[in-house]
Structures are given as structure tokens and as C-alpha cells.
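Reviewing the structure listed below.
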Amino acid sequence: MAIRIRTVNEITVALCAVESDPQEGDIYLDDGAHHALSTKFGLDFHSMGYMDDPRADPLVVEVMSSQKVRDAEEEHTKWEAGGRNL
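All letters in the sequence shown, in the order written, are residues -19 to 66 by our numbering.
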């Protein structure tokens, strides 16, 4: 999944690119870059014991949610039906 890295009120978040519109200052990561970072995260944090105890900063999750303008699953369903090009 392509993602955007965005800073909102000094909080850096990662957003689904389909669910958000681009804004000035966003860093866009395509599927390959996101996959590479996810793999690295998994390797590093599993070795440090974090993968068995997933944690998320509630403030970061709240800010991420505030930037969502559409639902990726709905967009994918429209695309499969031929109603929209992703």
C-alpha cells in the first residue's frame, strides 16, 4: 500500500495514500518503499521483543484518523466494479 508521511501539529503520521489527499510537505512512499520499511520494522522490533506486545501512541492514532478523507476498502470495491481508477 502506498503511504504518505505527514506532519500535523508537530506529530508525524503515516497515512494510506488512497484514504488521504496529497498536501504540501507530504513524503510519498510507493508500495515497494512501504514494504521495505515494514519488513525492516518487523525484523528490528521483533528482535527487541515489541512484536509480541503491539503498542500504538493513542495521540498519533487519533491524528492519523483525522486525516482520512475516504475509505480504502470502499475505493477498492469501486475500482473492482469499474467505477473508479485508483
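Idealized CB from N, CA, C, for every residue including glycine. Since the structure is predicted, the reported quantities are computational estimates derived from the model, not experimental observations.
Let's see if you can read the secondary structure: which residues bound the beta strand (DSSP E) around residue 61?
Locating residue 61 in the sequence shown gives position 81, counting from the first residue. No beta strand (DSSP E) holds residue 61; DSSP gives it neither H nor E.
Can you have a look at residue -5 and say buried or exposed, based on whether 16 or more other CB atoms are within 10 angstroms of its CB?
Counted from its first residue, the sequence shown places residue -5 at position 15. With 16 or more Cβ atoms within 10 Å of its Cβ, residue -5 is classed as buried.
State the DSSP-derived secondary structure class of residue 52, mapped to helix, strand or coil.
Here residue 52 refers to the residue found at position 72 of the sequence shown. Helix at residue 52.
Among the candidates -2, -11, 41, -10, whose CA atom is the shortest distance from the CA of residue -17?
As a working mapping, residue -17 is identified with position 3 in the sequence shown. Nearest C-alpha to residue -17: -2.
Can you give the Cα-Cα distance for residue 37 and residue 43, rounded to whole angstroms?
Within the sequence shown, the letter at position 57 stands for residue 37. Within the sequence shown, the letter at position 63 stands for residue 43. Rounded to the nearest angstrom, the two C-alpha atoms are 10 Å apart.
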